[in-house]
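In terms of this note's numbering, the sequence shown is residues 343 to 675. Note that beta-carbon positions come from the ideal geometry of N, C-alpha and C, so glycine has one too.
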Amino acid sequence: MTFAETMIAKAVAAHKRLVLPEGTEPRTLQAARKIVDQKIASSVTLVGNVEQVKAAASAIGVDVSDMQIVDPATSPDLDKYANEYYELRKKKGMTPEQAHKDIQDILRWGAMMVRLGDGDAMVSGAESTTADLLRAAFTIIKCKPGVQYASSCFVMVTDKAQYGANGSFIFGDCATIPNPTSEQLVDIAEQSAQSCRTFLGVEPVVSLLSYSTKGSASGELVEKVSNAVKMLNEKDPGLLADGELQLDASIVPSVAAKKAPGSKVAGHANTLIFPDLQAGNIGYKLVQRLAGAEAYGPILQGFAKPVSDLSRGCSVDDIVVTSATTLAQAAAN
């Protein structure tokens, strides 16, 4: 099966509830119809004014009669959600009145549904910005216990079966933390390792990348990565992780034998941790464009409940696959 087919199958088996906050967005409505028809989610909730959602759906010929439509302004849960939001933000100067107003934002409402267990996963971003989605996720859903920094990864599927997990890799972080510290690299590595288990179905072999391999070069940038490796090995000694490693030493056995002899990771990595966002973003796009790889993401990781961001240029099928991927995360949580 392809990656998309695998995620859809996992989501169908998981039988989880999906929240789509952008209830009037046409591609989202078309995707919601496919998700319900294919039983990818056990239920789909659209957030927005009921009449506006129905009108938007009718205009493109989408039947939403078997989906839940929630209008924050008239929902019986408004006071409960507002009170929870106030408790979360009161130390930041939030007032009950402002909480009552702010929680009616569709992204905050969707995030609160997931936080309070009224939904299992949330997908948005077809018309909302990444910054707005992340703000709602960080302030309401928050990170998993023991995780300080949420991040993101891409699933990269290539036709080079001799590398990675039969040609597939996890790339992290390519979309969230611009210049991670050593401590943040540790969280990125641990969460990317979990994403490897969830999405590739194999045990992670984690390489923390650099322009240096095992001290072949020196400098502040190398030191950041080598420090992260030491911290990661101390924190999670059972995780197969190594660094600092150059990319070729990470995935090519013959190069690894020369540059990093004795490393259990070198030459066999399936989870690649980039030293900063510039390298990660450039790296995944190079592999996607020049090698013809399929790139799925960015997939947010490290949050207490699954939430995913979409590109504003996404297709209907992108929304379907992202939703399936996020629901698969919910099953793995």
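Using the DSSP secondary-structure output, state which residues sit across from Ser592 in a beta bridge.
BP columns for Ser592 are empty, so no partner.
Hey, how far is the Cα of Leu449 from the Cα of Met409?
Whole-angstrom Cα-Cα distance: 18 Å.
From Arg539 to Leu420, what distance separates their C-alpha atoms?
When only Cα atoms are considered, Arg539 and Leu420 end up about 37 Å apart.
Thr668 by DSSP, collapsed to three states: which one?
Here Thr668 sits in helix by DSSP.
Report yes or no: do the region 605-612 and the region 633-647 share at least 3 C-beta pairs separated by less than 8 Å?
Inter-segment contact for the region 605-612 and the region 633-647 is absent: fewer than three beta-carbon pairs are separated by less than 8 Å.
For Val566, count neighbouring C-beta atoms within 10 Å of its own C-beta (all shown protein chains included) and say buried if the count is 16 or more, exposed if not.
Note on identity: in this sequence residue 566 is Lys, with Val being the wrong assignment. Around the C-beta of Lys566, 16 or more other C-beta atoms lie within 10 Å, and the residue is accordingly described as buried.
Contact check, Ala676 vs Ala670 under 8 Å by CB: the rounded distance?
Since the first and last residues shown for the chain are 343 and 675, residue 676 lies out of range.
Determine the DSSP secondary structure at Leu458, reduced to helix, strand or coil.
Leu458: coil per DSSP, three-state reduction.
Following a CB-centred definition, is Arg431 positioned closer than 7 Å to any heavy atom of the ligand MN?
No copy of the ligand MN appears in this structure; indeed no ligand is present at all.
Contact set for Ala356: own chain, Cβ-Cβ below 7 Å, skip 5 residues either direction:
Taken in chain order, the residues that qualify are Leu669, Ala670, Ala672, Ala673.
Pair within 8 Å by beta-carbon distance, Cys680 and Tyr626:
This structure leaves residue 680 out entirely; the chain is present only between 343 and 675.
Flag this pair as yes or no: are the beta carbons of Ala479 and Ala463 separated by less than 8 Å?
In this structure, Ala479 keeps its C-beta atom at 8 Å or more from the C-beta atom of Ala463.
Check whether the region 528-535 and the region 596-606 touch, using three or more Cβ-Cβ pairs below 8 Å as the test.
No: fewer than three Cβ pairs fall under 8 Å.
In three-state DSSP terms, what is Phe541?
In the structure shown, the three-state DSSP call for Phe541 is helix.
Count Cβ pairs between the region 643-651 and the region 463-478 that sit closer than 8 Å; are there 3 or more?
Short answer: they touch.
Drop a sphere of 10 angstroms on the beta-carbon of Gly435, count the other beta-carbons inside from all chains shown, and report buried for 16 or more, exposed for fewer.
In the assembly as shown, Gly435 is an exposed residue. Its beta-carbon has fewer than 16 other beta-carbons within 10 Å.
Ala415: buried (16+ other C-beta within 10 angstroms of its C-beta) or exposed?
By the neighbour-count rule (16 or more Cβ atoms within 10 Å), Ala415 is not buried but exposed.
Report buried or exposed for Gly580, applying the criterion of at least 16 other Cβ atoms within 10 angstroms of its Cβ.
So Gly580 ends up on the exposed side.
With contact counted as at least three CB pairs below 8 Å, one residue from each stretch, are the region 505-520 and the region 561-575 in contact?
The answer is no - the region 561-575 does not touch the region 505-520, with fewer than three Cβ pairs under 8 Å.
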